[in-house]
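Adding 1133 to a residue's 1-based position in the sequence shown gives its number in this note's numbering. Remarks on the structure that follows.
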Amino acid sequence: MSKNQHKEKSSFWKKLGLGKNKSSVTSLKSEMQKQQDLKAAAAVDMSYGPVTTPTADLLVHNEQLQAQEESAAADAAATTKGIEQKDMTTTMIATEQPNVTPKHYEESDDNNPEQDEEDDTNKSISSFVVLDKTSSNEELLTAISTLKQELEKEKATVLALQKQKEAVTKDLDYFELTVDELFTEKTDLLQQLEDEKIKSQHHLDDLNLLLEKMKSTADNARDQSFAVDQTKSEFEAYQAQAEQEKRALLSEIDEKDNAIRELKFKLSKSQEQSETLKETIDQLVKAHALELSRTTAQLQQQQQQQQQQQQQQDKENQNNSWSLHTPNGSPRIQPDSQQEEPHVYDNQSVYGSTPQSMSRMDSSDRYRTPKESIEYIDDVDLDDQLMRLTKEKEKLQSHYSKIPLTGGGPQSRRRKEELEAMLDHVDSQLSKVKQKIRRS
């Protein structure tokens, strides 16, 4: 950093035309002061040099000299005004263009100070005018006037140079300040550049880390998307299978609904048949009750007749026993009872079309209901019992089917219930008989 700054500073002063030995403002000021002193000394020597002229001639020409001096002063004032105007323009140009330096400064920077002193002495020597004693007053006056003019010109140049010097010093101060500001700005910019480089490096590292994270997340996303696609395909397969099962179940439900409708229709029909069967059973019960009352009356008459006949036979047997002297020779009444049983069955055959056709007489000659008759069936032949029960079931079913399903009133319902109870009882007896047949 220091080498670069030194190089930039030296190149800047070179552009200003100050040279290698004029790297500071103080050295430049001292050099300019020396040149001004030399020029002032030369001008003093030129104006106050010894001139060998007679006094008489000087007195004669005093008035002319004063007039010439006044004219020369006027000319010098005019020239000084022009020079000042030129100096003002040059200073303005110098301030507007601070990088431009006068030519004589560059030449003075390039040449040695000794050579500059020699040039100044030569100029001062060349400005002197050597006058002989033989020279006339006119020549003397002309020489004086020319010398005065040259003096005024030198004064004007000195003033212009002083003003240029002040402008240059101001420019140098301004340049120094601007250089310092530019140097500080440069250092700030370099520092900012370094900071920006560091920040950009940090940002680059962060971006690299972020890129790595994004790559890892992208890989994870690919894996997860593959798993999601796989699960989606499995879900679609399960969904299709579920749809098929749903369709199959819906078809089964439809079939079951149809079956339920058919069963309901059959149930309604069976209910109607059960109603009709109940009505028929009620009618049959009533008819059977009438028939039972008739048969009981006939049986009572027959029993009375049998009792009378038995009494007569007992009397005859007693008479015979007394005559035969046989204590155990009393006649038996089994033939009478055997003769009476066909009458009972004949009465039952009369009402064989009814469901209660299986009633019979027990040992005490009492008439039993169909349910009791089914319970006391003799186990003579299981096949006969099975045939009888099946026939009775068929008859009950035929009567049950004749009962109307709707209407009929409470009697038909009662008859239907009785027929159902009888059918249940017959079914239980049939199952018992079948079990006995299987066991045997």
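For glycine and all other residues, C-beta sits at the position ideal for the given N, C-alpha and C. Note that this is a predicted model, so its numbers are computed, not measured.
Measure the alpha-carbon distance for N1353 versus L1342 and round it to whole angstroms.
The residue labelled residue 1353 in the question sits at position 220 within the sequence shown. The residue labelled residue 1342 in the question sits at position 209 within the sequence shown. For N1353 and L1342, the distance between alpha carbons rounds to 16 angstroms.
Best match in K1549, S1564, K1389 for proximity to E1405 [C-alpha to C-alpha]:
Taking the sequence shown and counting its residues from 1, one reaches residue 1405 at position 272. Among K1549, S1564, K1389, the Cα nearest to that of E1405 is on K1549.
Mapping the DSSP letters down to three states, classify T1350 as helix, strand or coil.
Translated into positions along the sequence shown, residue 1350 becomes position 217. Helix.
For L1576, which of helix, strand or coil comes out of DSSP?
Nothing about residue 1576 can be read from this structure; the chain reaches only from 1134 to 1573.
Meets three-Cβ-pair contact criterion under 8 angstroms: the region 1559-1572 and the region 1525-1533
yes
Option in K1567, E1553, Q1166, K1569 with minimal Cα separation from S1403:
To locate residue 1403, count along the sequence shown from 1; it is residue 270. It is E1553 whose Cα lies nearest to the Cα of S1403.
Assign S1269 to one of three DSSP states: helix, strand, or coil.
Within the sequence shown, numbered from 1, the residue matching residue 1269 stands at position 136. Coil, per DSSP.
Below 8 angstroms on the Cβ atoms is my guess for T1413 versus I1536; work out the distance and round it to an integer in Å.
Counted from its first residue, the sequence shown places residue 1413 at position 280. Counted from its first residue, the sequence shown places residue 1536 at position 403. Yes, T1413 and I1536 are in contact; Cβ-Cβ is about 5 angstroms, under 8 angstroms.
For the putative contact between T1539 and E1369, defined by C-beta atoms under 8 angstroms, what is the C-beta separation to the nearest angstrom?
Reading the sequence shown from its first residue, position 406 is the one you call residue 1539. Reading the sequence shown from its first residue, position 236 is the one you call residue 1369. About 56 angstroms; that fails the 8 angstroms criterion.
Going by the CB atoms, is the gap between E1551 and K1419 shorter than 8 angstroms?
As a position in the sequence shown, residue 1419 is number 286, starting the count at 1. As a position in the sequence shown, residue 1551 is number 418, starting the count at 1. It is not a contact, given that the beta carbons lie outside the stated cut-off.
Under 7 angstroms from any heavy atom of the ligand MG, does the C-beta of Q1568 make it?
Although the ligand MG was asked about, the structure shown includes no ligands whatsoever.
Could you tell me the distance, in whole angstroms, from the CA atom of V1566 to the CA atom of E1385?
Reading the sequence shown from its first residue, position 433 is the one you call residue 1566. Reading the sequence shown from its first residue, position 252 is the one you call residue 1385. The alpha-carbon atoms of V1566 and E1385 are separated by roughly 40 angstroms.
Rounded to whole angstroms, how far is the Cβ of K1448 from the Cβ of L1515, which I believe are closer than 8 angstroms?
The residue labelled residue 1448 in the question sits at position 315 within the sequence shown. The residue labelled residue 1515 in the question sits at position 382 within the sequence shown. So it is not a contact: roughly 45 angstroms between Cβ atoms.
With the cut-off set at 8 angstroms, would you say Q1544 and D1387 are in Cβ contact?
In the sequence shown, counting from the first residue as 1, residue 1544 sits at position 411. In the sequence shown, counting from the first residue as 1, residue 1387 sits at position 254. No. Outside cutoff.
Would you kindly work out how many angstroms separate the C-alpha atoms of M1574 and L1322, rounded to a whole number?
The displayed coordinates of the chain run from 1134 to 1573. Any statement about residue 1574 would go beyond what the structure contains.
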